[in-house]
Amino acid sequence: DTEVTQTPKHLVMGMTNKKSLKCEQHMGHRAMYWYKQKAKKPPELMFVYSYEKLSINESVPSRFSPECPNSSLLNLHLHALQPEDSALYLCASSQVGTAKETQYFGPGTRLLVL
Amino acid sequence: QQQVKQSPQSLIVQKGGISIINCAYENTAFDYFPWYQQFPGKGPALLIAIRPDVSEKKEGRFTISFNKSAKQFSLHIMDSQPGDSATYFCAAPRASLGGGTSYGKLTFGQGTILTVHP
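Protein chains in written order, with this note's numbering: chain X, 1261 to 1374; chain B, 473 to 590.
Written as structure tokens, this is what we have:
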């Protein structure tokens, strides 16, 4: 099974709301990633978790708060977002090892901030 | 500097034709070059990848050609089909250290929207 699942598929939130995105994989991968993708643009890396610890934060604003409660789950907590944060949020996972490990992406959560 | 330049931005091909997408990179530390395919409403999926110690890799109708001296690599889709219509991203990961482990930090090209007309 090479599936990464993400919920919800779509999310609409106001600028004062608090919401969470969820990601799950059962491939035994110990590296998990959050990407942001704007329309007609490539995915941009936001965060990387390795063995459930935050390894990289690509200078993401604090209104985005990641969490990795266990080796299969990855959350992204959202608070006080701006309209420009509207995008497709992608989760990915891979083996931890060399840089050549394939990253498997989920279908994404399409977020609209009003 | 991590940068991967991809062209063209969009490509229209007739069914049965050859689709060619090009990428150029600057960082000679890159040592693995994957291509990802993304359909509307889906996340990217690995299509094919090449290492710089080979000049060509073929998987079915998809071929990567690699020119190390020119720091360029390209994706060729033979006998293009309407089902190949998607956005294609070249990428180059660079090993990084975080928390004492290595992982692939992907640098994506800007993407090519391929449309194959029936």
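Using N, Cα and C, we set each Cβ at its ideal position, and we do this for glycine too.
Coil, strand or helix - residue i by DSSP
| i | result |
| --- | --- |
| residue 1326 of chain X | strand |
| residue 1333 of chain X | strand |
| residue 1284 of chain X | strand |
| residue 484 of chain B | strand |
| residue 1343 of chain X | helix |
| residue 506 of chain B | strand |
| residue 554 of chain B | helix |
For residue j and residue i, the rounded distance between their alpha carbons
| i | j | result |
| --- | --- | --- |
| residue 553 of chain B | residue 1368 of chain X | 26 angstroms |
| residue 1297 of chain X | residue 1371 of chain X | 10 angstroms |
| residue 1258 of chain X | residue 1347 of chain X | With chain X covering only 1261 through 1374, there is no way to say anything about residue 1258 of chain X. |
| residue 475 of chain B | residue 488 of chain B | 32 angstroms |
| residue 1320 of chain X | residue 1263 of chain X | 26 angstroms |
| residue 1351 of chain X | residue 1365 of chain X | 6 angstroms |
Beta-carbon proximity list for residue i, same chain, < 7 angstroms, skipping 5 on both sides
| i | result |
| --- | --- |
| residue 1289 of chain X | 1353, 1354 and 1355 |
| residue 511 of chain B | 558 |
Spatial neighbours of residue i in its chain, beta-carbon cut-off 6 angstroms, leaving aside the 5 residues before and after
| i | result |
| --- | --- |
| residue 1337 of chain X | 1280 and 1325 |
| residue 1292 of chain X | 1309, 1334 and 1353 |
| residue 582 of chain B | 478 |
| residue 500 of chain B | none |
| residue 580 of chain B | 561 and 563 |
Where the beta strand (DSSP E) through residue i begins and ends
| i | result |
| --- | --- |
| residue 584 of chain B | 584-589 |
| residue 494 of chain B | 491-497 |
Close-in-space but distant-in-sequence residues of the same chain around residue i (CB under 8 angstroms, 5 per side omitted)
| i | result |
| --- | --- |
| residue 1313 of chain X | 1328 |
- Between the region 503-519 of chain B and chain X, which residues of the former have a C-beta closer than 9 angstroms to a C-beta of the latter? Residues 503, 504, 506, 508, 510, 513, 514, 515, 516, 517 and 518.
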